[in-house]
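Trainee: Take a look at the following structure, please.
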Amino acid sequence: GAVVSQHPSRVICKSGTSVKIECRSLDFQATTMFWYRQFPKKSLMLMATSNEGSKATYEQGVEKDKFLINHASLTLSTLTVTSAHPEDSSFYICSASKSKGPEQYFGPGTRLTVT
Amino acid sequence: GDSVTQMEGPVTLSEEAFLTINCTYTATGYPSLFWYVQYPGEGLQLLLKATKADDKGSNKGFEATYRKETTSFHLEKGSVQVSDSAVYFCALNYGGSQGNLIFGKGTKLSVKP
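Chains as they are written, first to last, in the working numbering: chain F, 97 to 211; chain D, -18 to 94.
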């Protein structure tokens, strides 16, 4: 199999606080992990790509100081939303890929609500 | 830049009806094409894929053929079930573990008994 988990599934935080989202590949080693953001009734937009042990590559328009990504091991990547604002409220989804093949395996997503 | 366009939803069908969800793409190279499905409350799952022109991907009764001449990858199923109700995403990438996916906006399918 290729199972990816995310934690938490839902989080509510206050403006100005930071929140960390974890993404884990449970039964395989992920050479690359991707973080996406999904707005209501819209598609997934890639935020950043991360490889284990190296700095993440951010997409244009994504603030790297606001969305901190750490890819500490071949099975774990974290996304920290710093100084969150209501406009950061969204559905954040991670995916992971193995060393061979183009497939990505997706986590179930994290619903972030900033009040 | 590269992009994926898929038909607007929602699509509502009766059980055992024929399903087509259109997907076309714009690409500078020769991408791999995918259909992902997102069931309510769950993450995206790979439904099928095709990596080169004229390849047909199939899974769970769903099919899609990579048509380079029409830059299309339409999803079809001959007889849908209530359990097929989900959001379907068409996507492309350039392969390898480094290639990020470019998604269409998703099409919500509701199948009524």
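Each residue gets a CB set at the ideal place from its N, CA and C atoms; glycine is no exception.
Report yes or no: is there a C-beta of chain D within less than 8 Å of the C-beta of G203/F?
Mentor: For the purposes of this step, residue 203/F is identified with residue 107 of the first sequence, where counting begins at 1. For G203/F, the nearest beta carbon of chain D is closer than 8 Å to its own beta carbon.
Trainee: Give a yes or no on whether the C-beta atoms belonging to V92/D and V68/D are separated by under 8 Å.
Mentor: Looking up residue 92/D in the second sequence gives position 111. Looking up residue 68/D in the second sequence gives position 87. Going by C-beta atoms, V92/D is not nearer than 8 Å to V68/D.
Trainee: Check P60/D in the structure and name its three-state DSSP category.
Mentor: Indexing the second sequence from 1 puts residue 60/D at position 79. The displayed chain sequence assigns Ser, not Pro, to residue 60/D. Reduced to three states, the DSSP call for S60/D is coil.
Trainee: Could you name the residues of the same chain whose beta carbon sits closer than 8 Å to that of T206/F, not counting the 5 residues immediately before and after it, in chain order?
Mentor: The residue given as residue 206/F occupies position 110 in the first sequence. Cβ contact annotation for T206/F (same chain, cutoff 8 Å, sequence separation greater than five): Q102, H103, P104, S105, R106, V107, I117, F187, Y188, I189, in chain order.
Trainee: State the DSSP-derived secondary structure class of E183/F, mapped to helix, strand or coil.
Mentor: As a working note, residue 183/F is residue 87 in the first sequence. Helix at E183/F.
Trainee: So G38/D is in the beta strand (DSSP E); what residue range does that whole segment cover?
Mentor: Here residue 38/D corresponds to residue number 57 of the second sequence, with the count starting at 1. Run containing G38/D: 37 to 40, per the beta strand (DSSP E) assignment.
Trainee: Just the Cα atoms here: how many angstroms apart are G59/D and V115/F?
Mentor: Within the second sequence, numbered from 1, the residue matching residue 59/D stands at position 78. Within the first sequence, numbered from 1, the residue matching residue 115/F stands at position 19. Roughly 45 Å between the two C-alpha positions.
Trainee: If you compare alpha carbons, which of D65/D, Y11/D, K89/D is closest to E(-3)/D?
Mentor: Residue -3/D sits at position 16 when you count from the first residue of the second sequence. Residue D65/D is the option with its Cα nearest to E(-3)/D.
Trainee: If you count every other CB in all the chains shown that lies within 10 Å of the CB of F90/D, and 16 or more means buried, which is it?
Mentor: Along the second sequence, read from residue 1 onward, the residue named residue 90/D stands at position 109. In the sequence under discussion, the amino acid at residue 90/D is Leu, which differs from the Phe named in the question. Result: buried.
Trainee: Figure out for me which residue from A180/F, S191/F, T145/F, S193/F has the closest Cα to the Cα of K110/F.
Mentor: Here residue 110/F refers to the residue found at position 14 of the first sequence. Nearest option by C-alpha distance: A180/F.
Trainee: Which residue from F202/F, T153/F, W131/F puts its Cα closest to that of T174/F?
Mentor: Working through the first sequence from its first residue, we reach residue 174/F at position 78. Nearest C-alpha to T174/F: W131/F.
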